[in-house]
Every structure is written in structure tokens, then in C-alpha cells.
Amino acid sequence: MQNLPAVDVLGQVVAQRTAVARRLASVRRVVAIAGGKGGVGKSLLTANLAAALATDAAGVGVLDADIHGPSAALMLGARGQRPKLGPQGARPAIGVCDVRVMSMDLLLNDDDSAVRWRHYGGLADDSFVWRGTLEANVLREFLADTEWGELEYLLIDMPPGADRFDTLLRLLPELSGAAMVTTPSEASVLVVRRAVAAAQHSGARILGLVENMAGGSGPGRGRDLADDLGIPFLASVPFDPDLARNTEAGRPGVLVDPGAPGARAILELADRLRGILA
Amino acid sequence: MKFRCEECQETMEFVSNDTDRASGVMAIQYSCPNCGRRISMVTNPGETQMVSSLGVTIGHETLAEGGAGPMKQIRRSLEGEASWTEDRGSPDPVWTEAAEKRLAAAPGFVQGMVRRLYTDWAKRNGFEEVSPAVMSKARDALGMTEM
Chain A
357 MQNLPAVDVL GQVVAQRTAV ARRLASVRRV VAIAGGKGGV GKSLLTANLA
407 AALATDAAGV GVLDADIHGP SAALMLGARG QRPKLGPQGA RPAIGVCDVR
457 VMSMDLLLND DDSAVRWRHY GGLADDSFVW RGTLEANVLR EFLADTEWGE
507 LEYLLIDMPP GADRFDTLLR LLPELSGAAM VTTPSEASVL VVRRAVAAAQ
557 HSGARILGLV ENMAGGSGPG RGRDLADDLG IPFLASVPFD PDLARNTEAG
607 RPGVLVDPGA PGARAILELA DRLRGILA
Chain B
170 MKFRCEECQE TMEFVSNDTD RASGVMAIQY SCPNCGRRIS MVTNPGETQM
220 VSSLGVTIGH ETLAEGGAGP MKQIRRSLEG EASWTEDRGS PDPVWTEAAE
270 KRLAAAPGFV QGMVRRLYTD WAKRNGFEEV SPAVMSKARD ALGMTEM
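Note that the protein sequences, when read in sequence, are chains A and B.
With my numbering applied, the first sequence covers 357 to 634.
With my numbering applied, the second sequence covers 170 to 316.
Printed below as a string of C-alpha cells:
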């Protein structure tokens with residue numbers, strides 16, 4: 357972008373898009389883990405799925421797209437590392453199984469730091485006008501300016517909110533697909549239905565539905581829901597406090613106790629995704 | 170956006186960008202390459218913020234100013250000091266044989282991560298090699314319970 361005229365705004369915006377495509381040319385598959393509702397276990401699934409895929413993939417990365425509630429670095433054991441900034445990009449943190457991680461968590465100074473944006477001329481009260489644009493560009497920079505290197509899979513841990521999917525697709529038309537996550541709860545089912553509709557409206561490929569915490573917040577109903585939505589049913593992951601505890605300690609449960617029911621379900625999910633994306 | 174000098178029918182050229190963050194005013198100066206006439210386009214805070222949020226640059230910025238280079242939007246927009254370390258191209262510390270042996274005792278799935286943690290800590294603290302003694306210092310400093 358350095359060669360563009362100093363005020364060529366449109367040219368710079370186009371160049372930003374090109375930079376995303378150029379950086380991700382060495383990434384074979386980009387998969388979003390989404391769901392619409394918060395608290396359904398997207399991050400936990402993303403971390404475990406990354407670890408599971410990394411066992412036989414030539415490079416796995418995780419982009420934590422949850423700018424205000426990042427947890428991927430924690431769950432992949434990558435906290436405490438600082439991304440290294442060089443002229444070609446930022447070197448990501450390395451998590452378990454050598455998973456490359458980029459997250460806002462790595463940039464904040466301590467656990468009590470919140471993400472706050474600088475603004476011009478006292479426009480803090482009007483941040484709703486410009487924050488969405490700015491944060492879409494932050495996501496773009498995470499995609500384009502991270503030195504991902506050669507990756508077989510880049511997983512994107514999406515934040516809550518069906519609208520975020522549309523933003524991602526505008527930045528990343530090459531998205532391989534999205535795995536949608538729900539729990540058996542009525543609230544989660546309602547939200548994931550809307551999130552699937554929004555993702556389909558955006559033109560995203562839905563890889564299928566994952567039911568997380570099955571048995572924990574109601575009887576399993578994922579298969580019926582997937583049939584009703586007309587999308588594949590990928591997995592039912594049982595509620596497993598040990599899996600959650602280990603993963604939140606930076607040791608994804610699929611590595612610690614791969615024979616446990618929750619871990620087994622995620623390992624099978626990884627196999628299914630390998631097959632779908634082959 | 171472009172400006173044209175009506176006298177000369179020439180497209181005016183960018184001269185400078187003076188932005189005052191406190192007032193939110195951005196004054197972008199142009200001049201006619203033929204007659205030298207100057208004008209300024211002055212934005213209000215909302216316009217300035219929108220340009221900034223788009224992640225585009227008006228004028229020429231440097232890495233030190235949070236302008237050019239990777240992650241410029243994050244570097245210039247995130248309040249407080251972001252936890253980047255600048256890669257100045259200096260070589261990583263060398264791992265001694267004893268340190269490699271100690272690393273090899275860790276589960277395979279964490280070895281890459283642990284190697285990075287110790288390497289980065291040793292480099293930050295001026296060590297040219299990673300030895301078991303350096304690993305122990307790093308472990309204490311980083312609050313690690315294993316390795």
C-alpha cells in the first residue's frame with residue numbers, strides 16, 4: 357500500500373482486501389466456528405478441534421475473532437506470549453500442538469485491561485457510529501497481517517452475534533465453511549436458527565451443526581434440529597466438566613483424556629470435518 | 170477524492186496532513202503543481218473518526234507513529250500500550266544440549282509452545298543461550314509449574 361497516492365482512500369480499501377487474500381493463499385481451509393449465542397462453548401470446541409486436527413495436519417491456526425471476550429489463547433496454552441511485530445507481519449503465539457494463535461488477549465497488558473479504542477475529538481459517546489467499522493478492520497488485520505505461514509486449517513472462533521458472520525464473509529469470501537454450535541437449551545436453539553439463516557443469507561457454506569453440552573442443559577435434540585434446518589448434523593458433544601476444566605487450564609481435553617466421552621465426540625467431529633473438507 | 174485548480178485545470182497534489190486528536194480536526198493540504206495555490210480540506214471529528222476506522226492513511230506515516238507496517242489499525246487505535254514486541258531480526262538464543270534434553274521430557278504436544286516461551290523470555294532478558302539454569306529462571310519468572 358506504500359506506493360499508492362497519499363489520499364487514495366478507495367485504492368487503500370481495495371488493497372486491504374487483496375492483502376487478506378494474499379496472506380491466506382498459503383492456508384488450505386478456513387473454517388468458522390459460530391453459533392450466534394454466547395456461552396455455548398464455541399471457544400472450547402475450537403481449541404479442542406484445533407488440537408485434534410493438529411495431530412495429523414500440516415499446520416493449524418486459530419484466529420480468535422472475539423475481540424472483547426477473547427479466550428482462545430488461554431485454552432490453547434498460549435497466554436504470556438507476545439506477538440512479534442516485524443515488517444512482514446506479526447508472528448503469532450504458539451499453543452499446544454504448535455497451533456498458531458492470534459488473539460486480542462495477547463495484546464492486552466493484564467487481566468484487568470479491557471479493549472478500549474482511541475477516538476478523535478471527544479467522540480467516545482458516539483462510538484456506536486464508528487466502532488463496528490473499526491472492529492471489522494481489526495479482524496481484517498488479524499487475518500492479513502499475521503504471519504500464519506503454511507496452514508492446513510485456520511479455525512476462526514467467532515464471537516456471539518449472527519451479524520458478525522456477514523462481516524467475516526465480506527473480508528473472507530474464500531471461507532471454506534462454518535460449523536454452527538448450539539446447546540440443547542431453548543434459547544440457544546432459537547438463536548442458532550437465526551444464525552444459520554443469517555449465514556445462509558450471506559452465502560456461507562454451512563458445514564453442519566454441532567450440539568455441545570448435550571445432556572447438560574436438556575435432552576439431545578441436535579439431529580432433529582439439523583434435519584429441520586436442512587444442514588448436516590456433525591456431532592453431539594456431551595457435557596463434560598473435566599474436558600472444560602482441562603481446556604481452560606490450557607490443556608485441551610482431547611489431549612489429556614482422549615478416551616473420555618466428550619473428547620471422543622470432538623475427535624469424531626474432527627474426522628468428519630476432515631472428510632467434508634477433503 | 171480529488172481537487173482541481175480551476176485556474177490551471179490541474180489536479181491538486183497532496184502536501185500534508187495535520188491531525189489534532191483532541192479536537193478531532195484533520196486539515197489536509199493540497200497545492201496546484203502549476204501555480205502553487207494551496208487549499209486545505211478540513212474535516213469534523215466524525216469524518217476524521219470514520220477515516221481512521223476504515224484503516225486508511227491520509228498522508229505518510231511511519232511505523233514508529235503507529236502508521237505504516239502491519240497491524241497499523243490496532244497499533245494506532247488500541248488504548249494503552251499493546252503488548253507487541255518488535256522483531257529486530259536479532260538471532261534467537263541457542264538451546265544447549267542439556268536444555269534440549271530437558272525439553273524432550275515434556276509431553277510432545279506442549280514442546281513447541283514451551284520452546285517458544287523459553288526462547289522469547291531468554292531473548293527478552295538478554296541471554297544468548299537457553300540452558301537448564303535459564304529455563305529455571307524463566308520458569309520462576311513466568312510462574313510456570315512444570316518444566
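Even glycine gets a Cβ: it sits at the ideal position worked out from N, Cα and C.
Terminal residues of the alpha helix (DSSP H) in which residue i lies
i	result
residue 636 of chain A	The structure shown has nothing for residue 636 of chain A, since chain A only spans 357 to 634.
residue 445 of chain A	Taken as a continuous stretch (DSSP letters only), residue 445 of chain A belongs to no alpha helix (DSSP H), being part of the beta strand (DSSP E) at 445-447.
residue 327 of chain B	With chain B covering 170 to 316 only, the question about residue 327 of chain B has no answer from this structure.
residue 220 of chain B	214-222
residue 607 of chain A	Premise fails: residue 607 of chain A is in no alpha helix (DSSP H) and is neither H nor E.
residue 418 of chain A	Where residue 418 of chain A is concerned, there is no enclosing alpha helix (DSSP H), although the beta strand (DSSP E) it sits in stretches over 416-420.
residue 431 of chain A	428-431
residue 399 of chain A	398-410
residue 369 of chain A	365-379
Cβ distance (whole Å) where residue i is taken to contact residue j below 8 Å
i	j	result
residue 303 of chain A	residue 568 of chain A	Residue 303 of chain A cannot be examined here, being either before or after the span of chain A that is shown, 357 to 634.
residue 409 of chain A	residue 509 of chain A	5 Å
residue 289 of chain B	residue 437 of chain A	6 Å
residue 458 of chain A	residue 439 of chain A	7 Å
residue 299 of chain B	residue 262 of chain B	5 Å
residue 282 of chain B	residue 610 of chain A	No, residue 282 of chain B and residue 610 of chain A are not in contact; Cβ-Cβ is about 16 Å, not under 8 Å.
residue 193 of chain B	residue 372 of chain A	Not a contact, Cβ separation roughly 23 Å.
Backbone secondary structure at residue i - three-state DSSP
i	result
residue 231 of chain B	With a pLDDT of 42 at residue 231 of chain B, under the threshold of 50, the predicted position of this residue should be treated as unreliable, though the coordinate-derived value follows. Residue state, collapsed to three classes: coil.
residue 171 of chain B	coil
residue 514 of chain A	coil
residue 703 of chain A	The shown model of chain A, from 357 to 634, leaves out residue 703 of chain A, and the question about it has no answer.
residue 199 of chain B	strand
residue 440 of chain A	strand
residue 564 of chain A	strand
residue 388 of chain A	strand
residue 632 of chain A	helix
residue 626 of chain A	helix
residue 499 of chain A	helix
residue 578 of chain A	helix
residue 569 of chain A	strand
residue 509 of chain A	strand
residue 264 of chain B	strand
residue 243 of chain B	helix
residue 526 of chain A	helix
residue 207 of chain B	strand
residue 485 of chain A	helix
residue 194 of chain B	strand
residue 504 of chain A	coil
residue 290 of chain B	helix
residue 383 of chain A	strand
residue 358 of chain A	Any reading at residue 358 of chain A needs caution, since the residue's pLDDT is 43, under 50, leaving its predicted position unreliable; the model's value is listed next. The answer is coil: DSSP assigns residue 358 of chain A none of H, G, I, E or B.
Partners in chain D for residue i, counting only beta-carbon separations shorter than 7 Å
i	result
residue 424 of chain A	Within the model displayed, chain D is absent; protein chains A and B are what it includes.
Host beta strand (DSSP E) of residue i (start-end)
i	result
residue 183 of chain B	182-189
residue 589 of chain A	589-594
residue 456 of chain A	456-458
residue 275 of chain B	That residue, residue 275 of chain B, is in no beta strand (DSSP E); it is neither H nor E in DSSP.
residue 537 of chain A	533-538
Item to check | chain B contacts from the region 434-454 of chain A (Cβ-Cβ distance under 9 Å) | outcome: 434, 436, 437, 438, 439, 440, 441, 442, 443, 444, 445, 446, 447, 449, 450, 451, 452, 453 and 454
Item to check | the region 415-435 of chain A touching the region 492-502 of chain A, judged by at least three CB pairs closer than 8 Å | outcome: yes
Checklist entry - Given a limit of 8 Å on CB to CB distance, which residues of the region 481-497 of chain A reach chain B? => result 482, 485, 486, 487, 489, 490, 493, 494, 496 and 497
Item to check | Three or more C-beta pairs below 8 Å linking the region 590-600 of chain A and the region 610-627 of chain A | outcome: yes
Checklist entry - Can you list, in chain order, the residues of the region 523-547 of chain A whose Cβ is nearer than 8 Å to any Cβ on chain B? => result none
Next on the checklist: Assess contact between the region 260-278 of chain B and the region 464-474 of chain A, defined as three or more Cβ pairs (one per stretch) separated by less than 8 Å. Is contact present?
Outcome noted: No: fewer than three Cβ pairs fall under 8 Å.
Checklist entry - Quick one: any contact between the region 577-592 of chain A and the region 381-399 of chain A, if contact means 3 or more CB pairs under 8 Å? => result no
Next on the checklist: Closer than 8 Å between beta carbons: that is the criterion. Which residues of the region 289-316 of chain B meet it against chain A?
Outcome noted: 289 and 311
Checklist entry - Touching or not, the region 551-558 of chain A and the region 518-528 of chain A, by the rule of three or more beta carbon pairs under 8 Å? => result yes
Next on the checklist: So if I threshold CB-CB distances at 8 Å, which residues from the region 196-218 of chain B count as touching chain A?
Outcome noted: 197, 213, 214, 215, 217 and 218
Next on the checklist: If the cut-off is 8 Å on Cβ atoms, which residues from the region 465-477 of chain A count as contacting chain B, listed in chain order?
Outcome noted: 465, 469, 471, 472, 473, 474, 475, 476 and 477
Next on the checklist: For the region 596-622 of chain A, list every residue whose C-beta sits within 7 Å of some C-beta in chain B, in sequence order.
Outcome noted: Residues of the region 596-622 of chain A whose Cβ lies closer than 7 Å to any Cβ of chain B, in chain order: 611.
Checklist entry - Counting Cβ pairs closer than 8 Å, one from the region 431-451 of chain A and one from the region 200-209 of chain B, do we hit at least three? => result At 8 Å Cβ cutoff, the stretches do not touch.
Checklist entry - So does the region 620-634 of chain A actually touch the region 175-185 of chain B, counting three or more Cβ pairs closer than 8 Å? => result Under the Cβ criterion (8 Å, minimum of three pairs), the region 620-634 of chain A does not count as touching the region 175-185 of chain B.
Next on the checklist: Taking beta-carbon pairs under 7 Å, can you tell me which members of the region 497-517 of chain A lie near chain B?
Outcome noted: 497 and 501
Checklist entry - Residues in the region 390-424 of chain A with C-beta within 9 Å of chain B's C-beta atoms, listed in sequence order? => result Result list: 407, 410 and 411.
Checklist entry - Should the region 526-539 of chain A be regarded as contacting the region 458-469 of chain A, the criterion being three or more beta carbon pairs within less than 8 Å? => result no
Next on the checklist: Under 8 Å, with one C-beta from each stretch per pair, do the region 241-254 of chain B and the region 486-495 of chain A reach the 3-pair mark?
Outcome noted: yes
Checklist entry - Mind listing which residues of the region 241-252 of chain B have their C-beta closer than 9 Å to chain A's C-betas, in chain order? => result Of all residues in the region 241-252 of chain B, those with a C-beta nearer than 9 Å to a C-beta of chain A are 241, 242, 243, 244, 245, 246, 247, 248, 249, 250, 251 and 252, reading in chain order.
Item to check | Against chain A: residues of the region 274-286 of chain B by CB proximity under 7 Å | outcome: 278, 279, 281, 282, 285 and 286
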